[in-house]
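Report on one structure; see the data block that follows.
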Amino acid sequence: MLCGLAASSALAAGSWTSNHINDLNQTLHGRVFAVEPFAKPCFSMYNGQEVTPDPEKCRAIQAQYSSPTFRAQFPGAYMYEESSICASDNSSTDQCLLNSDDPKDAKAFAASHCNQGNVPTYYIEVKTPNDAVQAFKYAGLSGGKLAIKNSGHSFQKDSSEKGALMLWTRNLRTMTRNTSFVPEGCSANEAYNAITTGAGVNCGEAYEFAGKNNATLVCAYSPTVGLSGGFVQSGGHGVLTPTLGLASDRVLQFTVVTPDGQIRVANKCQNRDLFWALRGGGGGTFGVVIDSTHRVENTLPIAVASIGVDGTDKKAVIAFMETLVDATIDLAKDGWGGHIYGNKIVYVTPTLTDAETAKKSMAKMIEVAKQHGGTANVSITPNFFDFYKEYIISGAAKVGIMTLINTRLMPASVFTTPELNKKLKEHLRRVINGGVLPYVPVSGPYLYKDTTKGTSVHPVWKTALWEYGDSTTWAWNSTLETRTAVVEEMRKHHDEFVKLMPGSGAYRNEGFPFNHNWIEDNFGPPYERLLEIKKRYDPKSLLKCHKCVGWTDQDAQESCFRAFETAKG
Numbered sequence: 001m002l003c004g005l006a007a008s009s010a011l012a013a014g015s016w017t018s019n020h021i022n023d024l025n026q027t028l029h030g031r032v033f034a035v036e037p038f039a040k041p042c043f044s045m046y047n048g049q050e051v052t053p054d055p056e057k058c059r060a061i062q063a064q065y066s067s068p069t070f071r072a073q074f075p076g077a078y079m080y081e082e083s084s085i086c087a088s089d090n091s092s093t094d095q096c097l098l099n100s101d102d103p104k105d106a107k108a109f110a111a112s113h114c115n116q117g118n119v120p121t122y123y124i125e126v127k128t129p130n131d132a133v134q135a136f137k138y139a140g141l142s143g144g145k146l147a148i149k150n151s152g153h154s155f156q157k158d159s160s161e162k163g164a165l166m167l168w169t170r171n172l173r174t175m176t177r178n179t180s181f182v183p184e185g186c187s188a189n190e191a192y193n194a195i196t197t198g199a200g201v202n203c204g205e206a207y208e209f210a211g212k213n214n215a216t217l218v219c220a221y222s223p224t225v226g227l228s229g230g231f232v233q234s235g236g237h238g239v240l241t242p243t244l245g246l247a248s249d250r251v252l253q254f255t256v257v258t259p260d261g262q263i264r265v266a267n268k269c270q271n272r273d274l275f276w277a278l279r280g281g282g283g284g285t286f287g288v289v290i291d292s293t294h295r296v297e298n299t300l301p302i303a304v305a306s307i308g309v310d311g312t313d314k315k316a317v318i319a320f321m322e323t324l325v326d327a328t329i330d331l332a333k334d335g336w337g338g339h340i341y342g343n344k345i346v347y348v349t350p351t352l353t354d355a356e357t358a359k360k361s362m363a364k365m366i367e368v369a370k371q372h373g374g375t376a377n378v379s380i381t382p383n384f385f386d387f388y389k390e391y392i393i394s395g396a397a398k399v400g401i402m403t404l405i406n407t408r409l410m411p412a413s414v415f416t417t418p419e420l421n422k423k424l425k426e427h428l429r430r431v432i433n434g435g436v437l438p439y440v441p442v443s444g445p446y447l448y449k450d451t452t453k454g455t456s457v458h459p460v461w462k463t464a465l466w467e468y469g470d471s472t473t474w475a476w477n478s479t480l481e482t483r484t485a486v487v488e489e490m491r492k493h494h495d496e497f498v499k500l501m502p503g504s505g506a507y508r509n510e511g512f513p514f515n516h517n518w519i520e521d522n523f524g525p526p527y528e529r530l531l532e533i534k535k536r537y538d539p540k541s542l543l544k545c546h547k548c549v550g551w552t553d554q555d556a557q558e559s560c561f562r563a564f565e566t567a568k569g
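Heads up, the sequence shown is in full-length UniProt numbering, so the first residue is 1 and it goes up one at a time.
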């Protein structure tokens, strides 16, 4: 008998049959469980059946509804709830949500039902590679869907799938430091300063481990992004990327279970095609990564610049942003990366090791801030982990909401071409006058030179400086009509960004999720080779995720986001 079997519900196409699930459960000694939506303990109806609410668990969920570290503990929890709902449901009830503005609002749960939505039906906690081997074996026999999830920190809905079996990797959290790591099968003379992490290790955990072990690594700005999953497998950018490269540039080796049931080590010396695909071709596509090894630097002093003006003074904000546009190329030459908050920047660089030199590099930004009554603090911190503790932990983004992101990679040509520079400034003036403070990651690998040509990321990364765009939301109780209207408006913005940044593309993890031109924009020229490699290691297409390599029009029409594939724009 399957442990924790959920109340029965209508199965989606490609769902698992009870016979195959029970056989897999027996093979894994009772370790297949039903996935419950995160907020289920607050509801008295679940998948059409009466259930008993759990007040204690409900209170804990309500108290920490927007906490990413709390959500990361649960297989059925996603950081951004658009992943968890079946958004195309005509009645807008195939979901299990609380009111993110007020999780104690009884209107969300007292008279509402909790339904499975796009949350997978079953899960296995992956403890060993054999768990994934058996999951692929039974998926091949049954035709059942699979999804791979760590913390569920995705804007692309690629770790959730209605009716699927989830391979939950969160508790693969080993970390080891090796100052002379040799990739398996390579020459002993080819040793690297490295850290190896299990697939469940998130960036916050990796930063802390690195900080305690004389290491500096590239990871995400959010502490709960997984290092080994869709982050590194889609490229992976961070504030140190301008000088140290993308995470995909720095990964040295993967241990991965491919859908053909084989446990493989992929690096520059063996399974090279798979290694290339895993370095930019997207997560949830080529296999279940068990662990990954990343090249690191020893502890580095970091220049930190926190400079800004009053966000309510539109004239000051416009002057600040226009100055930043003109200063961007020079700042990039000094290795600065970080985040723009419209009225403020928080930048770092390891290339400048004394405060006076860093201040000279930031002179234009310091001057414009002072002219408008702002503040400017430029200093040297002894290591990246200190910066992480002061700026990243305190600035962790709120989760538990439905966030629809819409960004593109802005190439250097936008800043160096007078006409494009002018158009960007005009655009920013309009946005700021409209009451919006643009949020922009500055994390293109501008100074990093990939001499090996060994990654499959979109080539636009080579010249990218900003990741520019916007985001919007769906309310927890939004109707399908409202959701569709939001997507239509997003598409208009997306088309505007395309014109603003000719020759650009997108970071697939943070691009417009309903982009009709997703292959060209998210993958570019590498896509055809990626598809060939996908077919080689996954001949039965056991791994499918939203707009990942191998995604088809039929997949789109069977998904929980089918209503937005034809949204007008």
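Note that the Cβ used here is the ideal one computed from N, Cα and C, for glycine as well.
Where residue i falls: helix, strand or coil (DSSP)
i: TRP461; result: helix
i: ASN178; result: strand
i: SER18; result: helix
i: ALA396; result: coil
i: TRP466; result: strand
i: ASN130; result: helix
i: ASN90; result: coil
i: ILE85; result: coil
i: SER142; result: helix
i: MET79; result: coil
i: THR241; result: helix
i: TYR391; result: helix
i: LEU424; result: helix
i: PRO41; result: helix
i: residue 616; result: In this structure the chain extends from 1 to 569, so residue 616 is not present and cannot be described.
i: residue 597; result: The structure shown does not extend to residue 597, since the chain spans only 1 to 569, so no value can be given for it.
i: GLY211; result: helix
i: VAL289; result: strand
Counted within 10 angstroms of its Cβ, other Cβ atoms place residue i as buried (16 or more) or exposed
i: ASP495; result: exposed
i: GLN253; result: buried
i: HIS29; result: exposed
i: PRO55; result: exposed
i: PRO242; result: buried
i: ARG264; result: buried
i: GLU190; result: exposed
i: GLN134; result: buried
i: TRP16; result: buried
i: VAL440; result: buried
i: CYS3; result: Model confidence at CYS3 stands at a pLDDT of 45, short of 50, so the residue's coordinates are unreliable and nothing is read from them.
i: ILE290; result: buried
i: SER379; result: exposed
i: ARG170; result: buried
i: SER222; result: buried
i: ALA132; result: buried
Euclidean distance between Cα positions of residue i and residue j
i: GLY342; j: THR381; result: 24 angstroms
i: GLY152; j: GLY283; result: 12 angstroms
i: SER187; j: SER478; result: 58 angstroms
i: VAL126; j: THR224; result: 19 angstroms
i: THR176; j: VAL232; result: 18 angstroms
i: ALA13; j: HIS294; result: Here the model assigns ALA13 a pLDDT of 44, short of 50, so the residue's position is not dependable, and the following value carries that caveat. Each residue's Cα considered, the two are about 38 angstroms apart.
i: TRP168; j: SER456; result: 25 angstroms
i: THR403; j: TYR78; result: 11 angstroms
i: ALA475; j: PHE155; result: 16 angstroms
i: GLY229; j: TYR448; result: 22 angstroms
i: GLY245; j: LEU409; result: 15 angstroms
i: SER88; j: CYS560; result: 6 angstroms
i: LEU141; j: LEU542; result: 10 angstroms
i: MET365; j: LEU165; result: 51 angstroms
i: LYS544; j: SER160; result: 10 angstroms
i: LYS540; j: THR407; result: 33 angstroms
i: GLY550; j: LYS157; result: 15 angstroms
i: ASP102; j: LEU480; result: 22 angstroms
i: PRO37; j: ILE318; result: 44 angstroms
i: GLY280; j: ASP105; result: 42 angstroms
i: VAL32; j: CYS203; result: 28 angstroms
DSSP bridge partner residues for residue i (one or two, in chain order)
i: GLY505; result: LEU409
i: residue 570; result: A question about residue 570 goes unanswered here, because the residues of the chain that appear run from 1 up to 569.
i: ARG295; result: ALA194
i: CYS114; result: TYR46
i: ILE345; result: ILE307, ILE340
i: LYS149; result: TRP168
i: ALA376; result: ILE307
Presumed contact (8 angstroms Cβ cut-off) between residue i and residue j, rounded CB distance
i: PRO438; j: LEU428; result: 7 angstroms
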